[in-house]
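The block underneath contains the structure these notes are about, expressed in structure tokens.
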Ligand SMILES: Nc1ncnc2c1ncn2[C@@H]1O[C@H](COP(=O)(O)OP(=O)(O)OP(=O)(O)O)[C@@H](O)[C@H]1O
Ligand SMILES: [Mg+2]
């Protein structure tokens with residue numbers, strides 16, 4: 405993965421696969437803490453303790469012996485190589501929270517990439533489930549809740565052409581406004 409935002413699609417898609425009706429994706433940029441943090445929270449099927457352990461065991465162990473994929477190990481690897489960390493909190497039948505932090509000024513930190521684009525793709529690909537997106541840039545906050553948009557445009561679907569175009573514009577311009585459009 406070349407950009408941090410590539411992880412967003414991947415990890416949030418796990419929530420969709422887990423049957424979540426609401427998936428939250430929070431992006432926090434803090435120059436004071438010198439950290440970028442991603443938090444994914446869902447109300448999907450959750451994971452057993454063993455499952456959580458098997459996806460968070462050090463990525464140096466033989467990956468081939470695991471039945472799991474690459475999304476979470478890759479996120480963990482990126483977090484750790486930038487001086488950050490990843491953690492998973494999950495409860496079967498309740499949901500899952502995945503938290504990953506990255507050293508903001510770490511030389512190995514991949515660029516942020518296109519967060520708005522990743523969020524937009526999630527909505528477009530999963531128009532029947534809901535998302536709560538927040539972007540906290542040094543305390544300046546942007547929130548986007550598809551439940552509100554859904555209510556406002558009902559009975560039209562979120563992937564209807566004009567609505568999708570509006571969502572894309574909204575995400576892009578609001579995020580640009582937060583950080584002046586030039587975060588790397
Ligand atoms: N939010 C979640 N809720 C429930 N189970 C999850 C969640 N995220 C991950 N898992 C479980 O952990 C496994 C590993 O996830 P990971 O993203 O690392 O790989 P994958 O989704 O199986 O494959 P890939 O992402 O490489 O296509 C998943 O197959 C799933 O069983
Ligand atoms: Mg996955």
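In our numbering, the protein residues as written are 405 to 588.
Idealized CB from N, CA, C, for every residue including glycine.
Where does the unbroken beta strand (DSSP E) through residue i begin, and where does it stop?
i: residue 500; result: 499–507
i: residue 490; result: 490–495
i: residue 511; result: Here residue 511 belongs to no beta strand (DSSP E), and DSSP marks it neither H nor E.
i: residue 582; result: Segment 565–583 is the alpha helix (DSSP H) holding residue 582; no beta strand (DSSP E) there.
Do you know offhand how far residue i's Cα is from residue j's?
i: residue 449; j: residue 427; result: 12 Å
i: residue 528; j: residue 560; result: 13 Å
i: residue 558; j: residue 567; result: 11 Å
i: residue 420; j: residue 579; result: 24 Å
i: residue 533; j: residue 553; result: 12 Å
Starting from the Cα of residue i, find the closest Cα among the options and give me that residue.
i: residue 360; options: 460, 516 and 521; result: With the chain covering only 405 through 588, there is no way to say anything about residue 360.
i: residue 417; options: 433, 563 and 445; result: 445
i: residue 544; options: 509, 564, 565 and 582; result: 582
i: residue 451; options: 415, 432, 493 and 433; result: 493
i: residue 549; options: 406, 425, 408 and 415; result: 425
i: residue 481; options: 496, 506 and 497; result: 506
I think residue i touches residue j, with their Cβ atoms under 8 Å apart; what is that distance to the nearest whole Å?
i: residue 430; j: residue 443; result: 4 Å
i: residue 502; j: residue 477; result: The pair is not a contact, with the Cβ atoms about 12 Å apart (cut-off 8 Å).
Go to residue i, then tell me how far its alpha helix (DSSP H) extends in each direction, as first and last residue.
i: residue 533; result: It is not in any alpha helix (DSSP H) - residue 533 carries neither H nor E in the DSSP assignment.
i: residue 551; result: 550–557
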